[in-house]
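Protein chains in written order, with numbering that gives the first Met the number 0: chain L, 0 to 96; chain V, 0 to 646. Virtual Cβ for every residue (Gly too), placed ideally from N, Cα, C.
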Amino acid sequence: MELPLTELKNGESGVINSIRIVERSEHRGRRHHWHRGAHTRYTTFMKRLTDMGLTPGVTVTVVKSAPFLGPVEITVRGSRLALGRGMANRIFVEVNR
Amino acid sequence: MKDKKKLVFALAGNANVGKSVIFNHLTGLHQHIGNWPGKTVERAEGTLHFQGYTIDIIDLPGIYSLSTFSIEELISREFIALKKPDTVINVVDASVLERNLFFTLQLLELETPMIIALNQMDIAKSKGVEIDCKRLEKLLGVPVIPTIAIKGVGIYQLLSKAIQVVEANESKKKIYPIRYGKEIETRVSKLVDMINASQLKYPARYTSIKLLENDEEIRKEIQSASPKIVAVSEKLSREIEDLHGHDCSTAITCGRYEVAGHIASEVQEIIPSTKPDLGELIDDITTHPLLGYPLVFAALLSILFSVFTFGDFFSGYLTDVFYCWKPLFMELFGGSLIGELFWAGIIDGIIAGVTIVVPYITPFYLMLYLLEDSGYLSRIAFLMDNLMHKIGLHGKAFIPLILGFGCNVPACLGCRIMETERERLIAGFVVTLIPCAAQSIIILGLIGEYVGLEWALLLYAFDLIVILILGRIAFKTLPGEPTALIMEMPSYKVPHPETVIKQTWFRIEEFIKVSLPLIVAGSFSLKLLELLNLLNPIANLLSPVTVLWLGLPVATGVALVFGVLRKELSLIMLATLLGTTNFSYVLTPVQMMTFAVVTMFYIPCTATIAALIQEYGWKKAWYVTVFEIVFAIALGGVAFRILPLFI
Numbered sequence: 000m001e002l003p004l005t006e007l008k009n010g011e012s013g014v015i016n017s018i019r020i021v022e023r024s025e026h027r028g029r030r031h032h033w034h035r036g037a038h039t040r041y042t043t044f045m046k047r048l049t050d051m052g053l054t055p056g057v058t059v060t061v062v063k064s065a066p067f068l069g070p071v072e073i074t075v076r077g078s079r080l081a082l083g084r085g086m087a088n089r090i091f092v093e094v095n096r
Numbered sequence: 000m001k002d003k004k005k006l007v008f009a010l011a012g013n014a015n016v017g018k019s020v021i022f023n024h025l026t027g028l029h030q031h032i033g034n035w036p037g038k039t040v041e042r043a044e045g046t047l048h049f050q051g052y053t054i055d056i057i058d059l060p061g062i063y064s065l066s067t068f069s070i071e072e073l074i075s076r077e078f079i080a081l082k083k084p085d086t087v088i089n090v091v092d093a094s095v096l097e098r099n100l101f102f103t104l105q106l107l108e109l110e111t112p113m114i115i116a117l118n119q120m121d122i123a124k125s126k127g128v129e130i131d132c133k134r135l136e137k138l139l140g141v142p143v144i145p146t147i148a149i150k151g152v153g154i155y156q157l158l159s160k161a162i163q164v165v166e167a168n169e170s171k172k173k174i175y176p177i178r179y180g181k182e183i184e185t186r187v188s189k190l191v192d193m194i195n196a197s198q199l200k201y202p203a204r205y206t207s208i209k210l211l212e213n214d215e216e217i218r219k220e221i222q223s224a225s226p227k228i229v230a231v232s233e234k235l236s237r238e239i240e241d242l243h244g245h246d247c248s249t250a251i252t253c254g255r256y257e258v259a260g261h262i263a264s265e266v267q268e269i270i271p272s273t274k275p276d277l278g279e280l281i282d283d284i285t286t287h288p289l290l291g292y293p294l295v296f297a298a299l300l301s302i303l304f305s306v307f308t309f310g311d312f313f314s315g316y317l318t319d320v321f322y323c324w325k326p327l328f329m330e331l332f333g334g335s336l337i338g339e340l341f342w343a344g345i346i347d348g349i350i351a352g353v354t355i356v357v358p359y360i361t362p363f364y365l366m367l368y369l370l371e372d373s374g375y376l377s378r379i380a381f382l383m384d385n386l387m388h389k390i391g392l393h394g395k396a397f398i399p400l401i402l403g404f405g406c407n408v409p410a411c412l413g414c415r416i417m418e419t420e421r422e423r424l425i426a427g428f429v430v431t432l433i434p435c436a437a438q439s440i441i442i443l444g445l446i447g448e449y450v451g452l453e454w455a456l457l458l459y460a461f462d463l464i465v466i467l468i469l470g471r472i473a474f475k476t477l478p479g480e481p482t483a484l485i486m487e488m489p490s491y492k493v494p495h496p497e498t499v500i501k502q503t504w505f506r507i508e509e510f511i512k513v514s515l516p517l518i519v520a521g522s523f524s525l526k527l528l529e530l531l532n533l534l535n536p537i538a539n540l541l542s543p544v545t546v547l548w549l550g551l552p553v554a555t556g557v558a559l560v561f562g563v564l565r566k567e568l569s570l571i572m573l574a575t576l577l578g579t580t581n582f583s584y585v586l587t588p589v590q591m592m593t594f595a596v597v598t599m600f601y602i603p604c605t606a607t608i609a610a611l612i613q614e615y616g617w618k619k620a621w622y623v624t625v626f627e628i629v630f631a632i633a634l635g636g637v638a639f640r641i642l643p644l645f646i
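Have a look at this one:
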């Protein structure tokens with residue numbers, strides 16, 4: 000099943016399916032819409048993640064989450080990374096449960 | 000014609016791979032640390048003599064890619080592609096081979112002569128990773144030298160190999176055997192043919208790949224030379240997108256990682272060690288939900304404590320040393336106007352800089368580099384990220400912010416640890432709003448003493464709220480994108496003392512060169528004003544602000560001006576000017592509160608302004624300074640009008 004990275008338990012692994020811009024805008028009553036600059040924002044965001052090895056199809060393992068909804072620590076391609084929660088929320092992984 | 004005996008080597012690699020340790024081994028004390036022209040990115044350069052060559056070594060910033068995502072990446076690739084160093088020494092962390100090779104592959108695309116320092120072999124070994132260097136050398140087509148920089152192992156071999164590479168490759172163009180997937184390569188070669196026909200300054204293959212990646216800089220470059228190539232590359236990259244299902248830039252990144260992963264698995268053998276790793280254990284404790292925060296708190300307290308104990312002791316010692324020369328000086332030049340101006344203006348300024356700032360920033364830098372090198376800084380950022388997001392910063396900003404309570408100067412310089420220019424500026428701005436120890440003296444000594452401790456605490460709380468609000472406004476209004484935290488969590492390691500000490504020394508040297516003259520100039524001009532009897536006229540000139548708007552006595556104008564020079568003296572100044580140390584005789588509680596509000600928010604001191612100039616350039620330093628002065632005075636006036644309702 001597909002879950003955002005933040006929903007994984009410590010020690011659980013998943014394969015990256017997609018990276019999306021899902022702005023949490025429920026309270027604004029509308030979904031994110033593509034205005035000018037949204038595209039470049041998305042590509043910069045993607046570039047940062049993929050450059051660090053978080054490419055679609057790669058296996059990531061959650062090591063732990065920081066307390067108080069802090070960042071998520073993961074291992075990917077033999078390296079350990081801390082991802083801000085907002086960022087981790089946008090990474091969707093396929094998990095076997 | 001280039002002098003054959005003069006060489007330029009560039010050190011390139013990811014962050015946390017031991018690049019600066021190698022740099023220190025190579026260059027010793029012949030270093031120069033400054034900024035890249037017009038940027039707030041550190042540029043470290045050093046020279047060494049080896050086998051009859053004079054070698055200039057440039058330590059490029061630690062980066063993960065060569066895209067245009069950050070200034071560091073842009074600086075690095077332009078340096079390699081356009082300045083053409085004789086050899087690039089790519090420092091690779093053997094314990095995180097795959098991710099490091101991803102960067103190596105991009106260096107290879109630049110077709111520069113290069114050599115790999117396979118560093119941290121000891122850490123790799125302790126993780127159970129064995130690497131076949133010969134095989135790696137063969138697959139990449141680049142010499143590979145295993146090193147353990149922290150122990151100096153392999154440095155000599157690295158250097159002699161680099162010289163060999165230079166001597167063997169004299170004017171030969173490098174073509175490396177690395178190729179990505181077929182769907183990418185066929186399109187790259189189409190572009191390469193077109194680009195080869197029209198002469199361009201970057202290598203053709205590199206240009207083609209960057210065009211397909213939709214790289215802004217290269218696109219602009221080619222657009223003016225040949226718009227046709229850009230049009231074709233757009234068509235080709237759409238084709239790749241259709242085949243791959245992701246945008247072309249992601250497809251190429253995937254391609255590179257595929258190759259990196261393939262090479263890594265070919266050359267390394269991993270036998271996970273069964274022994275529990277000490278680093279892992281420390282990591283578990285330091286990021287523990289219950290233990291982590293007290294530990295951060297303890298670490299920060301010990302930093303503040305050591306900075307201030309050492310600073311206080313050393314500052315006092317230096318002051319004694321300096322002032323014991325004063326009688327002698329006065330005997331020689333005393334009495335004359337020039338003599339007084341010289342002593343009070345210049346010597347006092349130097350003393351202020353040397354005795355007040357240097358003793359405090361030295362231990363601070365030592366602690367900061369120790370924290371960073373050991374890996375604990377990343378853990379602090381990990382724990383504090385959420386809190387810092389409230390003001391649009393991420394976890395790493397926590398350190399300079401807390402240090403701001405001690406002294407704004409090192410805190411300001413510490414903002415360097417932020418990744419983007421925008422974040423450095425927000426952090427620097429927020430830091431200068433934090434009451435430093437000297438401002439705390441005013442808050443506690445004036446308000447705590449004469450108005451009530453609860454009012455002093457209220458002022459602190461108010462300050463934090465204002466910081467939160469202004470930080471948020473800066474974060475919303477400054478151009479650019481907020482960056483979420485994406486940070487490597489390096490393994491814990493014992494810092495390399497020599498590197499830490501050298502880094503500290505070069506930072507202080509820079510401070511003395513850049514900031515000290517500014518402090519002296521400030522001190523000199525104030526003394527000049529005093530000797531010319533201009534202080535009272537200035538106080539009178541300021542009276543519309545001080546008396547009418549702030550409701551303070553005329554004399555406070557002078558204290559406020561002097562406060563910019565040496566904040567810790569403004570309370571003493573105020574006492575001298577008002578003729579008493581019991582402020583309750585001369586100031587009403589409302590006046591005291593107003594005075595405290597103004598001093599709390601306005602720019603701390605000339606040393607901080609100097610630090611701002613050093614870090615952000617004149618223009619931004621000027622904006623921050625003017626804003627804070629105007630803001631502080633505006634707020635003071637409001638306080639003067641509202642506070643009588645409560646006090």
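From the DSSP output, which residues share a beta bridge with residue i?
i: residue 269 of chain V; result: V:128
i: residue 82 of chain L; result: L:71 and V:485
i: residue 42 of chain V; result: V:33
i: residue 17 of chain L; result: L:91
i: residue 478 of chain V; result: Residue 478 of chain V is not bridged to any residue.
i: residue 1 of chain L; result: L:93
i: residue 114 of chain V; result: V:88
i: residue 58 of chain V; result: V:10 and V:43
Output yes or no for whether 8 Å exceeds the beta carbon distance between residue i and residue j.
i: residue 358 of chain V; j: residue 310 of chain V; result: yes
i: residue 184 of chain V; j: residue 239 of chain V; result: no
i: residue 187 of chain V; j: residue 162 of chain V; result: no
i: residue 228 of chain V; j: residue 277 of chain V; result: no
i: residue 466 of chain V; j: residue 429 of chain V; result: yes
i: residue 260 of chain V; j: residue 76 of chain L; result: yes
i: residue 91 of chain V; j: residue 117 of chain V; result: yes
i: residue 562 of chain V; j: residue 569 of chain V; result: yes
i: residue 167 of chain V; j: residue 123 of chain V; result: no
i: residue 262 of chain V; j: residue 100 of chain V; result: yes
i: residue 484 of chain V; j: residue 394 of chain V; result: yes
i: residue 419 of chain V; j: residue 479 of chain V; result: yes
i: residue 128 of chain V; j: residue 360 of chain V; result: no
i: residue 35 of chain V; j: residue 74 of chain V; result: yes
i: residue 4 of chain L; j: residue 71 of chain L; result: yes
i: residue 147 of chain V; j: residue 96 of chain V; result: no
i: residue 0 of chain L; j: residue 249 of chain V; result: no
Among the options, which has the Cα closest to the Cα of residue i?
i: residue 637 of chain V; options: V:606, V:614 and V:593; result: V:593
i: residue 505 of chain V; options: V:579, V:26 and V:635; result: V:26
i: residue 317 of chain V; options: V:337, V:354, V:331 and V:308; result: V:354
i: residue 412 of chain V; options: V:613, V:473 and V:204; result: V:613
i: residue 516 of chain V; options: V:346, V:35 and V:288; result: V:346
i: residue 693 of chain V; options: V:379, V:178 and V:90; result: Nothing about residue 693 of chain V can be read from this structure; chain V reaches only from 0 to 646.
i: residue 103 of chain V; options: V:295, V:296, V:456 and V:177; result: V:177
i: residue 633 of chain V; options: V:315, V:618 and V:545; result: V:545
i: residue 475 of chain V; options: V:389, V:604, V:159 and V:9; result: V:389
i: residue 514 of chain V; options: V:580, V:289, V:620 and V:559; result: V:620
i: residue 377 of chain V; options: V:607, V:231, V:487 and V:425; result: V:487
Please list the partners that residue i has in chain B, where partner means a Cβ-to-Cβ separation under 8 Å.
i: residue 78 of chain L; result: Here the protein chains are L and V, and chain B is not one of them.
Taking only heavy atoms of the ligand FMN into account, decide whether any of them is closer than 7 Å to the Cβ of residue i.
i: residue 415 of chain V; result: Summarising the ligand content, the structure contains no ligands, and the ligand FMN is consequently not present.
* Asked: Can you find at least 3 beta carbon pairs, one from the stretch 2-19 of chain L and one from the stretch 212-220 of chain V, that sit closer than 8 Å?
  -> Taking a contact to require three or more Cβ pairs closer than 8 Å, the stretch 2-19 of chain L and the stretch 212-220 of chain V do not qualify as touching.
* Residue ranges of each alpha helix (DSSP H) run of no fewer than 4 residues wholly in the stretch 388-420 of chain V, ordered along the chain? -> DSSP runs (the alpha helix (DSSP H)) wholly in the stretch 388-420 of chain V: 397-402 and 407-413.
* Asked: Below 8 Å, can you find three or more Cβ-Cβ pairs linking the stretch 75-89 of chain L to the stretch 397-414 of chain V?
  -> No: fewer than three Cβ pairs fall under 8 Å.
* On the three-pair Cβ rule with 8 Å, is the stretch 597-616 of chain V touching the stretch 436-446 of chain V? -> A contact exists between the stretch 597-616 of chain V and the stretch 436-446 of chain V.
* **Given 8 Å, three or more beta-carbon pairs between the stretch 11-27 of chain V and the stretch 52-61 of chain V** => Yes, the stretch 11-27 of chain V touches the stretch 52-61 of chain V.
* Asked: With contact counted as at least three CB pairs below 8 Å, one residue from each stretch, are the stretch 235-249 of chain V and the stretch 68-82 of chain V in contact?
  -> Taking 8 Å as the limit for Cβ pairs, the verdict is that the stretch 68-82 of chain V does not touch the stretch 235-249 of chain V.
* Taking 8 Å as the threshold, find out whether the stretch 366-374 of chain V comes into contact with the stretch 317-327 of chain V through three or more Cβ pairs. => Flag = no, the stretch 366-374 of chain V and the stretch 317-327 of chain V do not touch.
* Asked: Between the stretch 614-633 of chain V and the stretch 454-463 of chain V, do three or more beta carbon pairs fall short of 8 Å?
  -> Taking 8 Å as the limit for Cβ pairs, the verdict is that the stretch 454-463 of chain V does not touch the stretch 614-633 of chain V.
* Only counting runs of 4 or more residues, tell me where the alpha helix (DSSP H) segments fall wholly within the stretch 148-172 of chain V, in order along the chain. => The stretch 148-172 of chain V contains these whole alpha helix (DSSP H) runs: 154-168.
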